[in-house]
Structures are given as C-alpha cells and as structure tokens.
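A.B. asks: Chains as they are written, first to last, in the working numbering: chain U, 144 to 372; chain W, 611 to 673. Have a look at the structure that comes next, please.
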C-alpha cells in the first residue's frame with residue numbers, strides 16, 4: 144500500500160488562504176488505511192478548517208468528498224462537477240490521485256493535503272515500514288521474500304556489509320540488518336546457498352521517469368480493432 | 611485505549627487550529643463514582659474559568 148502522512152495544518156491553511164469555497168477530497172484506498180487521507184481524515188481536516196476560519200473571522204465554504212480510489216478515472220466522475228464549482232481543492236490522496244484530479248479539473252488548483260512517503264506494510268498499530276522501492280527488476284525470489292533494496296539502508300543487493308551488528312544496522316541500532324533477515328529466512332527455507340549468489344548491479348535504466356506500462360493483450364486488441372475498422 | 615488516542619489526537623488538532631487544548635480532558639470515572647465525577651466537573655469548570663470564554667464564541671458575537 145502507498146503510505147502517506149498528513150501535511151502540517153499551518154501549511155495546508157497557507158496554501159488555500161485566499162479561497163472562498165474549498166473542497167477537501169479524500170481517497171478510500173491506501174491513504175485511508177494508513178490514516179492520512181480517508182473519509183475520517185477529510186472530516187477532521189474540514190473541522191479544523193472551519194474552526195480556524197471562524198477564529199480568523201473568515202467566511203469560507205468547506206465541502207467534503209471521498210471517492211473509493213482517486214487514482215482511477217471511473218471513480219472520479221461523480222465528484223468532478225462539485226469540484227469545478229470550488230475555488231480550490233485539497234486532495235488527501237497520494238501524489239498519483241492528486242495529479243489525476245488536477246488533470247481532470249485543470250482550471251481548478253489542486254493542493255496536496257498529504258505528503259506521499261513510500262510503499263509499505265502496516266507493522267503494528269500506527270507503524271508502517273517501507274517494503275518496495277519499485278526498482279522494476281524484482282529479486283525477492285532469491286532473497287527469501289525480503290527486499291534488500293528497500294530494507295537495507297544502503298540498498299545493497301550483495302550483503303551484508305561490514306556494518307552489520309548482531310542483526311542490526313550500523314546506521315541505527317533500531318534498524319534491522321536486511322541481510323541478516325534474508326539469511327535467517329533462507330535458513331528457514333533450506334535455501335542458504337542463495338546467499339552465495341552474486342547479483343549484478345541493478346538495471347537502473349528500467350526506471351526512467353515517467354515509466355509507462357502497457358498490457359500487451361490490450362495493445363493487440365486495439366490494433367486489431369483499428370485493422371478491422 | 612481508543613478514546614484516549616482520540617482525545618490525544620483531538621488535542622493536537624485543536625492546538626494546530628489555535629484553540630487551547632486544555633479545554634479538552636479525559637477522565638476515567640466509574641458509573642458509581644459520583645464524587646469523582648463531581649470533582650472532575652469542578653476541575654473542568656475551574657479550567658474553563660481560567661481560560662475565559664472560548665475564542666470561537668467571541669468571534670460569533672462580533673459577527
């Protein structure tokens with residue numbers, strides 16, 4: 144899941160300070176799960192905005208909306224007309240949702256209500272851990288399902304380095320050494336030989352921004368349709 | 611636990627907005643602890659008195 148955190152209120156307030164009608168739009172998927180931009184967080188931010196405006200003696204209309212997924216066009220249709228009636232929209236979705244919303248209502252400025260941080264898992268109540276760096280060249284099959292690029296502070300694909308210390312990382316004693324975790328996992332799987340494998344340098348060329356992915360099946364269907372008229 | 615967390619979070623939200631978080635406090639009081647309830651109510655009254663009227667109401671009156 145994509146993990147985000149709410150921006151400081153003062154920053155959000157400053158971004159929309161001169162607007163008279165503002166929509167706060169949440170997303171019901173990743174950012175709702177990590178408690179940064181779901182329906183509940185939209186309600187809380189809206190309440191804060193109302194209180195703050197009242198204290199400042201400002202008359203600002205705040206509208207709330209939350210869609211199932213702000214990164215998918217089909218979920219957005221229902222709220223676009225309302226959004227177009229506003230002076231500004233604060234999107235509580237991840238950076239993807241914010242950009243898609245801005246593409247769909249180009250004439251209305253869209254401001255981010257959250258900072259998008261990483262792709263990760265929920266480790267315990269209120270704690271999330273980065274798990275994937277989206278390198279586009281996955282080696283999890285060889286590393287016991289633990290990603291050294293995301294978990295190792297140095298992102299080493301051949302480890303551990305000399306800084307490993309009783310299962311912890313030299314960067315911080317609170318960080319696990321990714322390669323110790325990988326060793327222990329491979330040991331459990333009876334695949335310790337994997338640790339001897341030398342991985343070539345990562346193909347960073349695979350990650351030239353912005354990446355565009357096409358599903359071949361759809362591409363062929365489109366071509367056939369064009370061919371047969 | 612959940613309520614405690616919600617109160618802590620709400621205090622933070624109020625502070626960000628500019629409302630004194632001391633206006634919100636949580637007490638754990640059993641249904642049979644009437645004296646404790648009265649004590650808490652008195653304490654909150656005292657806190658509210660010291661803080662003065664809520665700034666939100668002031669603005670309302672001005673408008």
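Think of the CB as a built atom: it goes at the ideal place given N, C-alpha and C, for glycine as much as any other residue. On a predicted model such as this, the values are computed, not experimentally measured, just so you know.
Could you list which residues in chain W have their beta carbon closer than 7 Å to that of residue 115(U), in chain order?
C.D. replies: As displayed, chain U neither begins before 144 nor continues past 372, which places residue 115(U) out of reach and without an answer.
A.B. asks: In three-state DSSP terms, what is residue 361(U)?
C.D. replies: helix
A.B. asks: Could you tell me which residues DSSP pairs with residue 271(U) in its beta bridges?
C.D. replies: 265(U)
A.B. asks: With residue 204(U) as the anchor, note down where its beta strand (DSSP E) starts and where it stops.
C.D. replies: Boundaries of the beta strand (DSSP E) around residue 204(U): 204-210.
A.B. asks: Closer than 8 Å by C-beta to residue 248(U): which residues in its own chain qualify, once you throw out the five before and the five after it? Chain order, please.
C.D. replies: 223, 226, 227 and 232
A.B. asks: According to DSSP, is residue 190(U) helix, strand or coil?
C.D. replies: Residue 190(U) falls in the helix class under three-state DSSP.
A.B. asks: Answer yes or no: do residue 170(U) and residue 265(U) have a C-beta to C-beta separation smaller than 9 Å?
C.D. replies: no
A.B. asks: In chain U, what lies closer than 7 Å to residue 665(W) by C-beta?
C.D. replies: 198
A.B. asks: Does the stretch 308-315 of chain U come into contact with the stretch 260-279 of chain U, if we say contact requires no fewer than three beta-carbon pairs (one atom in each stretch) closer than 8 Å?
C.D. replies: no
A.B. asks: As a quick exercise: from 195(U), 186(U) and 229(U), pick the residue whose alpha carbon is nearest that of residue 163(U).
C.D. replies: 229(U)
A.B. asks: What number of angstroms, rounded off, separates the C-alpha of residue 362(U) from the C-alpha of residue 620(W)?
C.D. replies: 50 Å
A.B. asks: For the stretch 290-305 of chain U and the stretch 213-221 of chain U, state whether three or more C-beta atom pairs, one from each stretch, are separated by less than 8 Å.
C.D. replies: no
A.B. asks: Is residue 247(U) close to chain W? Criterion is C-beta to C-beta, closer than 9 Å.
C.D. replies: no
A.B. asks: Give me the Cα-Cα distance between residue 174(U) and residue 258(U), rounded to the nearest whole angstrom.
C.D. replies: Inter-residue distance for residue 174(U) and residue 258(U) is about 10 Å (C-alpha atoms, whole angstroms).
A.B. asks: Can you round the beta-carbon distance between residue 321(U) and residue 341(U) to whole angstroms, since I take them to be within the 8 Å contact cut?
C.D. replies: A Cβ-Cβ distance of about 17 Å is found for the pair residue 321(U) and residue 341(U), leaving them out of contact under the 8 Å criterion.
A.B. asks: Name the chain U residues whose beta carbon is nearer than 7 Å to that of residue 629(W)?
C.D. replies: By Cβ distance, chain U contributes 194.
A.B. asks: Any beta-carbon of chain U closer than 9 Å to the one on residue 626(W)?
C.D. replies: For residue 626(W), the nearest CB of chain U lies under 9 Å from its own CB, placing it at the interface with that chain.
A.B. asks: Counting Cβ pairs, one atom from each stretch, are 3 or more of them under 8 Å apart for the stretch 192-208 of chain U and the stretch 630-644 of chain W?
C.D. replies: In short, these stretches do not touch, since the Cβ pair count stays below three.
A.B. asks: If you reduce the DSSP assignment to three classes, tell me which class residue 295(U) lands in.
C.D. replies: Looking at residue 295(U) - three-state DSSP - the assignment turns out to be coil, as it is neither helix nor strand.
A.B. asks: Hey, residue 235(U) and residue 184(U) are a contact pair by Cβ (cut 8 Å); roughly how many whole angstroms apart?
C.D. replies: With a Cβ gap of about 6 Å, residue 235(U) and residue 184(U) count as contacting.
A.B. asks: Determine, using beta carbons only, whether residue 153(U) comes closer than 9 Å to chain W.
C.D. replies: yes
A.B. asks: Using alpha carbons as the reference points, say which of 293(U), 221(U) and 196(U) lies closest to residue 318(U).
C.D. replies: Ranking 293(U), 221(U) and 196(U) by CA distance to the CA of residue 318(U) puts 293(U) first.
A.B. asks: Below 9 Å between beta carbons is the criterion; list the residues of the stretch 320-333 of chain U that meet it against any residue of chain W, in chain order.
C.D. replies: Taking 9 Å as the Cβ-Cβ cut-off against chain W, none of the residues of the stretch 320-333 of chain U qualify.
A.B. asks: Between which two residues does the beta strand (DSSP E) harbouring residue 234(U) extend?
C.D. replies: 231-234
A.B. asks: Kindly say whether residue 190(U), judged by its beta-carbon, lies nearer than 9 Å to any beta-carbon of chain W.
C.D. replies: yes
A.B. asks: Count the C-beta pairs between the stretch 154-161 of chain U and the stretch 342-351 of chain U that are closer than 8 Å, then say yes if the count reaches three, no if not.
C.D. replies: no
A.B. asks: Could you tell me the boundaries of the alpha helix (DSSP H) in which residue 148(U) lies?
C.D. replies: Residue 148(U) -> not in any alpha helix (DSSP H); beta strand (DSSP E) instead, spanning 145-149.
A.B. asks: Can you find the residues in the same chain that come closer than 7 Å, C-beta to C-beta, to residue 260(U), ignoring five residues on each side of it along the sequence?
C.D. replies: 146, 147 and 148
A.B. asks: Assign residue 661(W) to one of two classes, buried (16 or more other C-beta atoms within 10 Å of its C-beta) or exposed (fewer than that).
C.D. replies: With fewer than 16 other Cβ atoms inside 10 Å of its own Cβ, residue 661(W) counts as exposed.
A.B. asks: Does DSSP put residue 166(U) in a helix, in a strand, or in coil?
C.D. replies: strand
A.B. asks: Once DSSP output is grouped into helix, strand and coil, what is the label at residue 308(U)?
C.D. replies: strand
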